[in-house]
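If you read the sequences in order, they're chains D and W. Following the numbering used here, the numbering of the first sequence begins with 1 at its first residue and continues without gaps. Following the numbering used here, the numbering of the second sequence begins with 1001 at its first residue and continues without gaps.
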Amino acid sequence: MTDDFIIRIRDLKTAYGSHVVHEHLDLDIRRGEIIGIIGPSGCGKSVLLRAITGLKEPAAGSIEVFGKRLETLDAEERAAVERSWGVMFQDGALFSNLTVRENVMVPMKEHTELSPQLCRELADMKILMAGLHADAGPKFPSDLSGGMRKRAALARALALDPELLFLDEPTAGLDPITAANFDALIRDLQRALGLTVFLVTHDVDTLHATCDRIAVLGEKRVLAVGTIDELRAFDHPWVQEYFGGPRGRAAAGH
Amino acid sequence: MANPNTPEFALETSDEQTVLRVSGDWTVRTVQIVDEDLRALESGAGVTLDVSGLGQLDTAGAFVIDRTLRQLSDAPADIVGDHRNAENLIGQVHAVTDVDEPKRPAHGGLVDMLERTGRGFMNMLSESRDMLAFLGETLVTTFRLVLTPWKLRWTSIVSVLEEAGLDAMPIIAFLSFFVGMVVAFIGATTLRDLGSEVFVVELIGFAMLRELGVMMTGIVLAGRTNSSFTAQIGTMKMRQEIDAMQTLGLKPMDVLVAPRILAMVVATPVLAFVGTIAGIAGGVMVGWMALDINPALFLDRLQSNVPLDQFWVGMSKAPVFGFVVALIACRQGLNVGGSVQSLGSKTTTSVVQAIFSIIVIDALFAIFYMEMGI
């Protein structure tokens, strides 16, 4: 049963002080799918990502990742879980004192016994795979444009060939062409590597281009989960406005 | 997840065919085992890859296999055998890595050294020129604002006065007190041999009033306030807040630099005064406890034997120190680039330059007053 679902969230409650972000939130994510998480600004999309990856401790409820509850694991098991996911943060969160190649090598050095030479070769390959040019490797993150930083962050997230990839607004702030390339890249990688992707986004085009299912967050819980067409028929003012608004209609047009 | 199987390979060469047979799990955690051996493989003819025995495969495994295939033969390899994703993955990896490696120019040792020497010298020149330019800009801005006081940012001046002035007071008083004690002790040990311990009063008076009070203040400010100014401004620079300011029509010189300079010029004499008094108190304490010099006698002797000039000599240096510390801090802060590392290195540079400048300027003052006969 747990094999079908890579993440199971039950009755989750998260709060900052007295401000409750989620309450009674349930969500299941299937192995091998790309699930898009949408919702109005401030509804706790990023907080949900932080809760699943263990950066934010839930106030109540349970989160199972790979069939295990993070808080019950000891340090070694936890590290094993952390090796099997990759996280790409909203503005990249690359280590600014390391070059792009060194950034990609960080998880490899930490979690595997690869020789430095092979490490370097693999890092270069990941950089190319993420759609960067080979000469981006020796550059520092501060020398890169926003789009390139996102690709570098993706390369680092993919460094250990994770089964589960978390992407926090991967296309925010990119021009439409770069964003579309990025969508295609995520789709390609997901197909080639059999990834499960947890995608937080505002971008309707990204949802159309990549996602198998979409979960709508709002009112502190998951309002609805389903394919785009199912959600289009879903009767909720925010969801209707989201897909029925000018941007939503434009994205459906192609 | 089961334990991974060890990756294995076999190279079978017949007359015109070479077959690379791979088996076991080829993933990022296992490929290191076979990496060395694979690099040593050689062959010439067309190569076929047999993946029928292959277990798990990820991009790292696919990369190593693809690299080996390239190394064995220029022609693209045929892939035989059934596998879930081998063909797809290897193809994907092959496609992205199919670029020419950029070559780097090589450098000789001597040329490299000469180049670095030249670069270092030019950096030093441009550093001095920039420092002078910044000094001029700061002076112009500050004087302009002093002449038009309604344009000054009083809120930030008061806030800097509090955090760099008031909050620094206890540490400066404390350190000066101990320096006063140390000077009194060392002086007393030497003067005792001459039977004139009471001259400790003059020693403390001259040393604290003229040099040590203001010097200790300068050094503490260079370590404490200077680094915090550089870090504050540097972080703003790093996060593009300074660019934002400029586009909003705010001048960083007016908003960030001038208030800090003015506040420091005002605060440092007060701090130096407190430091001097605390240092003398340290001397009084040692005199009283260890040398049997009554505090009343100490202060009386201090008043009659140490001229007031000495106090003004010390005090005249304080605003200069405050100015220099703030100037260096602001300049280095504005020089920070986009990375965390540059923030760290600029903060270090800032503190080092500030302490260096304070000691050099103090020496210049000493020469100046000596020539003046004070």
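Glycine residues also receive a C-beta, built at the ideal position from the N, C-alpha and C atoms.
Would you kindly work out how many angstroms separate the C-alpha atoms of residue i and residue j, rounded to a whole number?
{"i": "Arg1301 (chain W)", "j": "Pro1307 (chain W)", "result": "11 Å"}
{"i": "Asp1055 (chain W)", "j": "Gly226 (chain D)", "result": "Looking at the sequence shown, residue 1055 (chain W) is not Asp but Gly. If I take the Cα positions, the gap works out to 34 Å."}
{"i": "Val1266 (chain W)", "j": "Ile1157 (chain W)", "result": "10 Å"}
{"i": "Leu160 (chain D)", "j": "Leu73 (chain D)", "result": "21 Å"}
{"i": "Leu189 (chain D)", "j": "Leu195 (chain D)", "result": "7 Å"}
{"i": "Ala1263 (chain W)", "j": "Val1340 (chain W)", "result": "28 Å"}
{"i": "Ile1367 (chain W)", "j": "Gly173 (chain D)", "result": "60 Å"}
{"i": "Thr1155 (chain W)", "j": "Gly1234 (chain W)", "result": "21 Å"}
{"i": "Glu163 (chain D)", "j": "Met1122 (chain W)", "result": "52 Å"}
{"i": "Ile1033 (chain W)", "j": "Leu1069 (chain W)", "result": "18 Å"}
{"i": "Leu167 (chain D)", "j": "Val1064 (chain W)", "result": "27 Å"}
{"i": "Gly54 (chain D)", "j": "Glu76 (chain D)", "result": "15 Å"}
{"i": "His254 (chain D)", "j": "Ile35 (chain D)", "result": "In this prediction, His254 (chain D) has a pLDDT of 48, which is less than 50 and means its spatial position is unreliable; what the coordinates show is noted afterwards. His254 (chain D) and Ile35 (chain D): Cα-Cα distance of roughly 21 Å."}
{"i": "Thr1230 (chain W)", "j": "Leu1334 (chain W)", "result": "8 Å"}
{"i": "Ala1086 (chain W)", "j": "Ala1060 (chain W)", "result": "12 Å"}
{"i": "Pro176 (chain D)", "j": "Met125 (chain D)", "result": "26 Å"}
Counting only the same chain and skipping the five closest in sequence on each side, list residues whose C-beta sits under 8 Å from that of residue i.
{"i": "Gln1353 (chain W)", "result": "Ile1328, Gln1332"}
{"i": "Asp1058 (chain W)", "result": "Trp1026, Thr1027, Val1028, Leu1089"}
{"i": "Ala152 (chain D)", "result": "Gly92, Leu94, Val100, Asn103, Val104, Ile127, Ala130, Leu132, Ala136, Pro141, Leu144"}
{"i": "Asp26 (chain D)", "result": "Ile9, Arg10, Asp11, Leu12, Arg221, Val222"}
{"i": "His1083 (chain W)", "result": "Val1051, Ser1052, Leu1054, Leu1057"}
{"i": "Asp1037 (chain W)", "result": "Phe1009"}
{"i": "Thr980 (chain W)", "result": "Only positions 1001 to 1374 of chain W appear in this structure, which leaves residue 980 (chain W) out of reach."}
{"i": "Ile1361 (chain W)", "result": "Lys1317, Val1320, Phe1321, Val1324"}
{"i": "Ala60 (chain D)", "result": "Asp11, Leu12, Lys13"}
{"i": "Pro170 (chain D)", "result": "Met88, Lys150, Leu154, Phe182, Ile186, Leu199, Thr201, Thr206"}
{"i": "Tyr1369 (chain W)", "result": "Val1313"}
So with CB distances below 7 Å, who are the chain B contacts of residue i?
{"i": "Ser1339 (chain W)", "result": "Among the chains of the structure shown, chain B does not appear; the protein chains present are D and W."}
List the residues of chain D whose Cβ lies closer than 7 Å to the Cβ of residue i, in chain order.
{"i": "Arg1029 (chain W)", "result": "Thr112"}
{"i": "Val1093 (chain W)", "result": "Met125"}
{"i": "Ala1060 (chain W)", "result": "Leu122, Asp161"}
{"i": "Asp1035 (chain W)", "result": "Ser115, Leu118"}
So which residues of chain W does residue i contact, with C-beta pairs closer than 9 Å?
{"i": "Met105 (chain D)", "result": "Under the 9 Å cutoff, chain W gives no residues; its nearest Cβ is about 12 Å from Met105 (chain D)."}
Between which residues of its own chain and residue i is the CB-CB distance below 6 Å, once the five residues before and five after are set aside?
{"i": "Arg8 (chain D)", "result": "Asp28, Glu64"}
{"i": "Gly1053 (chain W)", "result": "Ser1023"}
{"i": "Phe140 (chain D)", "result": "Thr99"}
{"i": "Phe1134 (chain W)", "result": "Arg1331"}
{"i": "Arg156 (chain D)", "result": "Asn103, Val104"}
{"i": "Arg187 (chain D)", "result": "Thr210"}
{"i": "Phe243 (chain D)", "result": "Arg232"}
{"i": "Thr2 (chain D)", "result": "Residue placement at Thr2 (chain D) cannot be trusted, given a pLDDT of 42 that sits under 50; what the coordinates show is reported in the next sentence. Cβ neighbours of Thr2 (chain D) beyond the five flanking positions: Gly67."}
{"i": "Arg1021 (chain W)", "result": "Ala1010, Asp1050"}
{"i": "Val1201 (chain W)", "result": "Phe1298, Arg1301, Leu1302"}
{"i": "Pro237 (chain D)", "result": "none"}
{"i": "Pro1295 (chain W)", "result": "Val1284, Trp1288"}
{"i": "Asp1074 (chain W)", "result": "none"}
{"i": "Phe234 (chain D)", "result": "Ala224"}
Name, please, each residue of chain D whose Cβ falls closer than 8 Å to the Cβ of residue i.
{"i": "Val1096 (chain W)", "result": "Met125, Leu128, Met129"}
{"i": "Gln1032 (chain W)", "result": "Thr112, Glu113, Leu114, Ser115, Leu118"}
{"i": "Asn1005 (chain W)", "result": "By Cβ distance, chain D contributes nothing, its closest Cβ being about 17 Å from Asn1005 (chain W), past 8 Å."}
Under 8 Å between beta-carbons, which chain W residues line up against residue i? List them in chain order, please.
{"i": "Glu121 (chain D)", "result": "Phe1063, Arg1067"}
{"i": "Leu167 (chain D)", "result": "Correct list: empty, because the minimum Cβ distance to chain W is about 18 Å."}
List the residues of chain D that residue i touches, going by C-beta distances under 9 Å, in chain order.
{"i": "Asn1088 (chain W)", "result": "Arg191, Ala192"}
{"i": "Asn1123 (chain W)", "result": "Here the premise fails: no neighbours, minimum Cβ distance about 20 Å."}
Within a Cβ cutoff of 7 Å, which residues of the same chain sit near residue i, ignoring the five residues on either side of it in sequence?
{"i": "Glu1163 (chain W)", "result": "none"}
{"i": "Gly1279 (chain W)", "result": "Ser1176, Phe1177, Val1179, Gly1180, Met1208, Leu1212, Gly1213"}
{"i": "Ala1002 (chain W)", "result": "For Ala1002 (chain W), the predicted model reports a pLDDT of 47, less than 50, meaning its position is unreliable and no value from the coordinates is stated."}
{"i": "Asn1172 (chain W)", "result": "First, the residue type needs correcting, since residue 1172 (chain W) is Ile and not Asn in the sequence shown. Within the same chain, Ile1172 (chain W) has close Cβ partners Met1216, Thr1217, Val1220, Leu1271, Val1274, Gly1275."}
{"i": "Glu1137 (chain W)", "result": "Met1253"}
{"i": "Leu1041 (chain W)", "result": "Leu1011, Thr1068, Gln1071, Leu1072"}
{"i": "Leu193 (chain D)", "result": "Asp161"}
Can you determine whether any heavy atom of the ligand MN sits closer than 7 Å to the C-beta of residue i, and answer yes or no?
{"i": "Thr14 (chain D)", "result": "Of ligands this structure carries none, so the ligand MN is not represented either."}
| request: Assess, as a yes-or-no matter, whether the segment 1124-1142 of chain W is touched by the segment 1178-1185 of chain W under the definition of 3 or more beta carbon pairs within less than 8 Å. | output: No, the segment 1178-1185 of chain W does not touch the segment 1124-1142 of chain W.
Are there three or more Cβ pairs, one per stretch, closer than 8 Å when the segment 45-55 of chain D is compared with the segment 119-131 of chain D?
No, they do not touch.
Please list the residues of the segment 174-196 of chain D that have a C-beta atom closer than 9 Å to any C-beta atom in chain W, keeping them in chain order.
Those residues of the segment 174-196 of chain D that come within reach of chain W (Cβ to Cβ, closer than 9 Å) are Asp188, Leu189, Arg191, Ala192, Leu193, Gly194.
*Do the segment 1242-1253 of chain W and the segment 1210-1229 of chain W make contact, defined as three or more Cβ pairs closer than 8 Å?*
No contact exists between the segment 1242-1253 of chain W and the segment 1210-1229 of chain W.
Checklist entry - Does the segment 1185-1201 of chain W come close enough to the segment 1308-1325 of chain W to have 3 or more Cβ pairs within less than 8 Å? => result Result no; under three Cβ-Cβ pairs closer than 8 Å.
query: Closer than 9 Å, Cβ to any Cβ of chain D: which residues of the segment 1291-1305 of chain W, in chain order?
result: Answer set for the segment 1291-1305 of chain W: empty.
Worksheet item: Counting pairs of Cβ atoms below 8 Å between the segment 1350-1366 of chain W and the segment 1235-1245 of chain W, do you hit three or more?
Response: Counting Cβ pairs under 8 Å, fewer than three are found: no touch.
Quick one: any contact between the segment 173-183 of chain D and the segment 200-208 of chain D, if contact means 3 or more CB pairs under 8 Å?
Cβ pair count under 8 Å is three or more, so yes.
At a CB distance below 7 Å, what residues from the segment 1325-1356 of chain W approach chain D? Give them in sequence order.
From the segment 1325-1356 of chain W, only Gly1337, Gly1338, Ser1339, Val1340, Gln1341 have a Cβ closer than 7 Å to chain D.
Select from the segment 1225-1245 of chain W all residues with a C-beta closer than 8 Å to any C-beta belonging to chain D, and list them in chain order. For the segment 1225-1245 of chain W, which is checked against every Cβ of chain D, not one residue is closer than 8 Å.
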